[in-house]
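Chemist: One structure follows; several queries about it will come next.
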Amino acid sequence: MSRRARGRFSNFCNKDLIVLLDMDQVLADFEGYFLKRYKERFPNDPFIPLEERKGFFIRDQYAKLRDDLPDKVRAVYNEEGFFRDLPEIEGAVSAALEMSKMEGLEVFLCSSPLTEYQYCLTEKFEWIEKHLGPEFLDYVILTKDKTVINGHILIDDRPRIKGSCKSPIWEHIVFNACHNLTSEVDGKRRLNNWTDGKWRDIIEDFKKRI
Numbered sequence: 739m740s741r742r743a744r745g746r747f748s749n750f751c752n753k754d755l756i757v758l759l760d761m762d763q764v765l766a767d768f769e770g771y772f773l774k775r776y777k778e779r780f781p782n783d784p785f786i787p788l789e790e791r792k793g794f795f796i797r798d799q800y801a802k803l804r805d806d807l808p809d810k811v812r813a814v815y816n817e818e819g820f821f822r823d824l825p826e827i828e829g830a831v832s833a834a835l836e837m838s839k840m841e842g843l844e845v846f847l848c849s850s851p852l853t854e855y856q857y858c859l860t861e862k863f864e865w866i867e868k869h870l871g872p873e874f875l876d877y878v879i880l881t882k883d884k885t886v887i888n889g890h891i892l893i894d895d896r897p898r899i900k901g902s903c904k905s906p907i908w909e910h911i912v913f914n915a916c917h918n919l920t921s922e923v924d925g926k927r928r929l930n931n932w933t934d935g936k937w938r939d940i941i942e943d944f945k946k947r948i
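Numbers in the working numbering are just positions in the sequence shown, counted from 1, shifted up by 738.
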């Protein structure tokens, strides 16, 4: 972190540590549920096992298998109920709830909705209310550009997050997912899961900085 970024990091908010949590593939199992629904809808088409997934965008990897598959990929995650019915990542909900109750901490859900938003936007709120409770609905940020959002930590599975702000104020913690295990993350810290408790160490480390 540059000296300039470190100054902004410590000064923009001098009260609470602000944690931004991505939703898809950080709290909700997008990849696993996508594969399940894809195989159900298109049982005779080729698919990519989770252990062979590479790259953030599913449709790009499926395009290498056959030209018509990206449209089928979109049809799956654009279907009604897809985002509402995503299962949680193991331990994610309990970790988010525990985090939200920690003293000196504010937790926001920071997610990028699909451009084809017919069901996505509403269903993200439905998922939050079902899994985290209605009180979390006041802590939702939906944006196509996460670089302009203020926070100290962003936990996100996307290895590189780009936008209009070249030096975001938050530090990016890369949440491990099937598609990013071999991705270059430019020295960023990784969070392997929500179950081994190491997320608490990250929180405590950041709390010492503000």
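Ideal Cβ positions, reconstructed from N, Cα and C, are used throughout, including at glycine.
Please return the same chain residues whose Cβ sits closer than 6 Å to the Cβ of V845, not counting the five positions on each side in sequence.
Modeler: V757, M837 and S838
Chemist: Please list, in chain order, all residues of the same chain as R804 whose beta carbon is under 8 Å from its beta carbon, the five residues on each side excluded.
Modeler: D783 and P784
Chemist: Per DSSP, which residues does D762 bridge with? Please list them.
Modeler: A766
Chemist: Going by DSSP in three states, H730 sits in which element: helix, strand or coil?
Modeler: For the chain, the structure presents residues 739 to 948; residue 730 sits outside this window and is missing.
Chemist: Whole angstroms are fine: how far does the CA of A766 sit from the CA of N888?
Modeler: Taking the straight line joining both Cα atoms gives about 23 Å.
Chemist: With C-beta atoms as the reference, is N914 less than 7 Å away from R896?
Modeler: no
Chemist: Do I948 and L755 have their C-beta atoms closer together than 7 Å?
Modeler: Yes, Cβ-Cβ distance for I948 and L755 is below 7 Å.
Chemist: Measure the C-alpha to C-alpha separation of D760 and K904 and round it to an integer number of angstroms.
Modeler: 19 Å
Chemist: Excluding the five sequence neighbours on either side, which residues of its own chain have a C-beta within less than 7 Å of the C-beta of I866, listed in chain order?
Modeler: L847, F874, L875 and V878
Chemist: With DSSP as the reference, label C903 as helix, strand or coil.
Modeler: coil
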